[in-house]
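A.B. asks: Here you go, one structure.
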Amino acid sequence: MKARATIHRDFALAQIDDRLYSAFIEHMGRAIYSGIYEPGHPTANPQGFRQDVLELVRNLNIPVIRYPGGNFVSAYKWEDGIGPKEDRPVRLDLAWRSKETNQVGINEFAQWAKDADIEMMLAVNLGTRGIEEARNFVEYCNHTSGTYWSDLRRSHGVDEPYGVKMWCLGNEMDGPWQIGHMEAKEYGRLADETSKAVKAFGGGIETVVCGSSNDGMPTYPDWERQVLEECYENVDYISLHKYFGNSSHDSLNYFAKIDETGRYIQAIGGVIDFVKAKKRAKNDVFICFDEWNVWYHKREQDAKNWRSWDWPEAPELLEEDYNLEDALLVGGLLNEFIRRSDRVKIACIAQLVNVIAPIRAEKGGAAWATSIYYPYQFASLYGRGTALNVAVNGPRYDADAAHDVNYLDVAAVLSPDGTSITIFAINRSLDETMELDIALQGFEGLKLVEHKVMGGTSAEARVANTSAAPDRIKPRKGEKLAVGDDGIKGELPAFSYNMIRLS
Ligand code: AHR
């Protein structure tokens, strides 16, 4: 099949916020315990953090990490995780029927985030708690000294405040599964008052109010309207979540869910504009897509397990083995965020280690990158700057999730200094090579710096990376594209992800 695309230097869509490539980690399964933290592991530092995992994390250049939950946060007492470790209580985590030892709390996590060079975005519990705990948590984290909570932090050995800028007002409060689930208006009121209290600390704090848990929720998109009508002027972002699966083994429909996600973003963009106009508001609210990823391979089995198990400590949960198709989905979704970067300012891959994650880590053993690690890494490294419009003229298909879907999924980003352009291109066809012709206008003299490909070989099709075979799915050098004065010409292998960098 053949596809043509045109990119012009001046046809900018939006300035991409670096936080589009953020991540999320929750006290859940083996994400924290035996994921990032495992005292006694051969690579653990004196604080118990695994350096093999940290290195994989660092190589992703993640700007922001959302913590500590997720469903977990809605019954969490952050105070359980401060002070001498031996005095910390063990609690039952009601979200995942597990035991929480509280050996990692805010101060340990902040140290890890600092070592990883990532800024924290913290969530407060609006399920079982409210404004009081939120203000105490902010004071503990952000106030310098001379008050109960700030001096308590100092007594725990942390003199400098963390200055956390981004605060999430609860998690998935529209979901009946959420501890403390609320009706939209009720939650909107609480979010409004909590946001005001949190922002009263100053320092340019930004808050994220909960939107829908996914676009299949019966309350979507009226939830967003009602919530924003209560709190629009006092919040900065509304969160969206969505997880992807392909249980029916229909790859083209799986990829069409990316277009469906585009509609989700567009619809919430419309709701934001509606509420802004209705309130005659001056401020803007953007989208924080703070949970997204592939989650289906072991979903049913996991659900059976955790609903019946006897409160284990750091159990195996949501440890998905990702294949090539999942890497294409993740690359495509990142493309969609780039194309929608006028609305979406923050997005967090959910999650980071072991639990639906780009990084896996065996207890006591090796850490490795899953297939989805690479498209996320390329987007994070080279997807910063200006999102450019790409006009695509190529074959299309219809699927259940969306109609008129392009076989070529493409996004283009002009680097901040304007000297290079990166194109992320996916050939969604399962079996046909794509003859590609990208016209580049306003980019005379650019040369091909790098072309990385994932896919196009049968060896990669149905496998996943494991601790024993961590390199089964890995980008390799592409050899079938040429760059001339008028653009890029050549072939994309069937079922492939491509990162093409010109400078
Ligand atoms: O990321 C796993 C879970 O998915 C989170 O705890 C929750 O917010 C969502 O439903």
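Going left to right, the sequence shown walks through residues -2 to 500 as our numbering numbers them.
Beta carbons: idealized from backbone N, C-alpha and C, even for Gly.
Spell out a yes or no on whether the region 285 to 294 and the region 421 to 428 are touching, meaning 3 or more CB-CB pairs, one atom from each, closer than 8 Å.
C.D. replies: no
A.B. asks: When DSSP labels each residue in this structure, what does residue 405 get in the three-state scheme?
C.D. replies: Correct three-state label for residue 405: strand.
A.B. asks: Identify every run of the beta strand (DSSP E) within the region 299 to 348, keeping only runs that are complete inside it and at least 3 residues long; order them along the chain.
C.D. replies: With a minimum length of 3 residues, the continuous beta strand (DSSP E) runs that stay inside the region 299 to 348 are 341 to 347.
A.B. asks: Look at the alpha carbon of residue 472 and the alpha carbon of residue 326, and state the distance between them as a whole number of angstroms.
C.D. replies: Taking C-alpha positions only, residue 472 is separated from residue 326 by approximately 15 Å.
A.B. asks: To the nearest angstrom, report how far apart residue 114 and residue 491 are at their CA atoms.
C.D. replies: 37 Å
A.B. asks: Which partner residues does residue 501 have in the DSSP bridge list?
C.D. replies: Absent from the structure is residue 501, since the part of the chain shown begins at -2 and ends at 500.
A.B. asks: Report yes if the CB atom of residue 407 is closer than 7 Å to the CB atom of residue 2, and no otherwise.
C.D. replies: yes
A.B. asks: Would DSSP call residue 219 helix, strand or coil?
C.D. replies: helix
A.B. asks: Is it a yes or a no for the region 65 to 77 touching the region 121 to 134, going by three-plus beta-carbon pairs under 8 Å?
C.D. replies: yes
A.B. asks: Could you please give me the residues that DSSP links to residue 146 through a beta bridge?
C.D. replies: Answer by DSSP bridge pairing: none, since residue 146 is not bridged.
A.B. asks: If you pair each beta-carbon of the region 330 to 346 with each one of the region 462 to 477, do three or more pairs fall below 8 Å?
C.D. replies: At 8 Å Cβ cutoff, the stretches do not touch.
A.B. asks: Grab me the residues of residue 200's own chain with a C-beta within less than 8 Å of its C-beta, minus the 5 sequence neighbours each way, in chain order.
C.D. replies: For residue 200, where only same-chain residues beyond five positions count, the Cβ hits under 8 Å are 139, 160, 162.
A.B. asks: Indicate, with yes or no, if the ligand AHR has a heavy atom lying under 6 Å from the CB of residue 28.
C.D. replies: no
A.B. asks: Within 10 angstroms of its Cβ, does residue 374 collect 16 or more other Cβ (buried), or is it exposed?
C.D. replies: buried
A.B. asks: Would you mind listing the beta strand (DSSP E) stretches within the region 404 to 456 that are 3+ residues and don't spill past its ends, in chain order?
C.D. replies: Runs of the beta strand (DSSP E) inside the region 404 to 456: 405 to 411, 418 to 424, 431 to 438, 445 to 452.
A.B. asks: Tell me the DSSP bridge mates of residue 496?
C.D. replies: Within the DSSP secondary-structure output, residue 496 pairs in a beta bridge with 421, 449.
A.B. asks: Flag this pair as yes or no: are the beta carbons of residue 188 and residue 206 separated by less than 7 Å?
C.D. replies: Yes, these two residues count as a Cβ contact at 7 Å.
A.B. asks: Would you mind sorting residue 371 into buried or exposed? The rule is 16 or more other CB atoms within 10 Å of its CB.
C.D. replies: Around the beta carbon of residue 371, 16 or more other beta carbons lie within 10 angstroms, which makes this residue buried.
A.B. asks: Give me the DSSP bridge partner(s) of residue 285.
C.D. replies: 236, 343, per the DSSP bridge assignment.
A.B. asks: Helix, strand or coil for residue 82? Go by DSSP, reduced to three states.
C.D. replies: helix
A.B. asks: Which residues bound the alpha helix (DSSP H) around residue 108?
C.D. replies: 103 to 113
A.B. asks: Could you tell me which residues DSSP puts in a beta bridge with residue 276?
C.D. replies: Looking at the DSSP assignment, residue 276 forms no beta bridge with any residue, so it has no partner.
A.B. asks: For the region 309 to 325 and the region 452 to 462, state whether three or more C-beta atom pairs, one from each stretch, are separated by less than 8 Å.
C.D. replies: Yes, the region 309 to 325 touches the region 452 to 462.
A.B. asks: I'd like the span of the beta strand (DSSP E) that includes residue 44, first residue to last.
C.D. replies: Run containing residue 44: none; DSSP gives neither H nor E here.
A.B. asks: Could you tell me the boundaries of the beta strand (DSSP E) in which residue 76 lies?
C.D. replies: Taken as a continuous stretch (DSSP letters only), residue 76 belongs to no beta strand (DSSP E), as it is neither H nor E.
A.B. asks: Look at the alpha carbon of residue 169 and the alpha carbon of residue 209, and state the distance between them as a whole number of angstroms.
C.D. replies: Cα to Cα, residue 169 sits roughly 7 Å from residue 209.
A.B. asks: Are there three or more Cβ pairs, one per stretch, closer than 8 Å when the region 349 to 360 is compared with the region 384 to 393?
C.D. replies: no
A.B. asks: Within the continuous beta strand (DSSP E) that includes residue 128, where are the two ends?
C.D. replies: Segment 128 to 139 is the alpha helix (DSSP H) holding residue 128; no beta strand (DSSP E) there.
A.B. asks: Across which residues does DSSP place residue 182 in a beta bridge pair?
C.D. replies: Looking at the DSSP assignment, residue 182 forms no beta bridge with any residue, so it has no partner.
A.B. asks: State whether the region 308 to 318 contacts the region 257 to 270, with contact taken as three or more CB pairs (one from each stretch) at a distance under 8 Å.
C.D. replies: no
A.B. asks: Whole angstroms is fine: what's the gap from residue 141's alpha carbon to residue 135's?
C.D. replies: 11 Å
A.B. asks: Report all residues from its chain with a CB closer than 6 Å to the CB of residue 479; omit the five preceding and five following residues, and keep chain order.
C.D. replies: 486, 487
A.B. asks: Note down, in chain order, each residue of its chain lying with its Cβ closer than 7 Å to the Cβ of residue 365, except the 5 sequence neighbours on either side.
C.D. replies: 357, 462, 464, 467
A.B. asks: If the criterion is Cβ atoms closer than 7 Å, does the pair residue 233 and residue 203 meet it?
C.D. replies: yes
A.B. asks: Can you list, in chain order, the residues of its chain whose CB lies under 6 Å from that of residue 447, leaving out five sequence neighbours each side?
C.D. replies: 498
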